[in-house]
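Written below as structure tokens is the structure these notes are about.
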Amino acid sequence: MLQEKIKEDLTKAQKERNSIRVSVLRMVKSEFKNKEIELRPENKEFTEEDALTVLQKEAKKRKESIETYESAGRNDLAEQEKAELTIIEEYLPEQMDRNEVEKIVDEIISKMDNPQFGQVMGQVMGRLKGQADGKIVNEVVKQKLT
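Every letter in the sequence shown is one number past the one before it in my numbering, and letter 80, counting from 1, is 80.
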């Protein structure tokens, strides 16, 4: 399970005195705990899918920060975010490339009578479940529907 892997890797990073890795993995564990607390009132269990959602959210934050820092000329901060993103991405499933996303979008659109952007996005994102960047999916769907 992803939570156990991160816990093991955190212990290993602490022994190796890898401060950046320790920091990132502690943050991820903390976000997992926050998600667990969020699910309690609904009596839901924290699942592997929830863990992936948390990791994707954290990766997205890093990507946005990198863009912001680079546009502001703060390459030092952008490099820090890139290092964190690299660690987070180790735990995410391999991402599909644009061509694979296009094939799936085409397939979904071909099954619809009157494809609408929201419907197509919902079906594509549901089918890919973290295997593709939402930004790329968004671009492909817009391109295919225009």
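No residue lacks a Cβ here, since even glycine has one placed at the ideal position from N, Cα and C.
Here the structure is a predicted model, which means the values were calculated and not measured.
Sub-8 Å separation of residue i and residue j beta-carbons
i: A51; j: Q3; result: yes
i: I20; j: A83; result: yes
i: M96; j: L128; result: yes
i: M121; j: N138; result: yes
i: I136; j: V105; result: no
i: V141; j: F117; result: yes
i: Q91; j: E81; result: According to the sequence provided, residue 91 is Tyr. The question's Gln does not apply to it. Not a contact, by the Cβ cut-off of 8 Å.
i: I6; j: V22; result: no
Where residue i falls: helix, strand or coil (DSSP)
i: E90; result: coil
i: A13; result: helix
i: M156; result: With the chain covering 1 to 146 only, the question about residue 156 has no answer from this structure.
i: G126; result: helix
i: K111; result: coil
i: Q3; result: helix
Identity of the residue in the options nearest residue i by Cα
i: P26; options: I87, V124, P115, G134; result: The sequence given here has Arg at residue 26, not Pro. Comparing Cα positions, the closest option is I87.
i: Q143; options: R62, R40, L39, K103; result: K103
i: G130; options: E48, K29, A72; result: E48
i: K57; options: N114, L85, T146, N43; result: L85
i: D113; options: R40, D133, L145; result: L145
i: G134; options: I109, K61, S71; result: K61
Q) In chain order, which continuous runs of the beta strand (DSSP E) of length 3 or greater are located wholly inside the segment 36-90? A) Annotation: the segment 36-90 contains no complete segment of the beta strand (DSSP E) (minimum length 3 residues).
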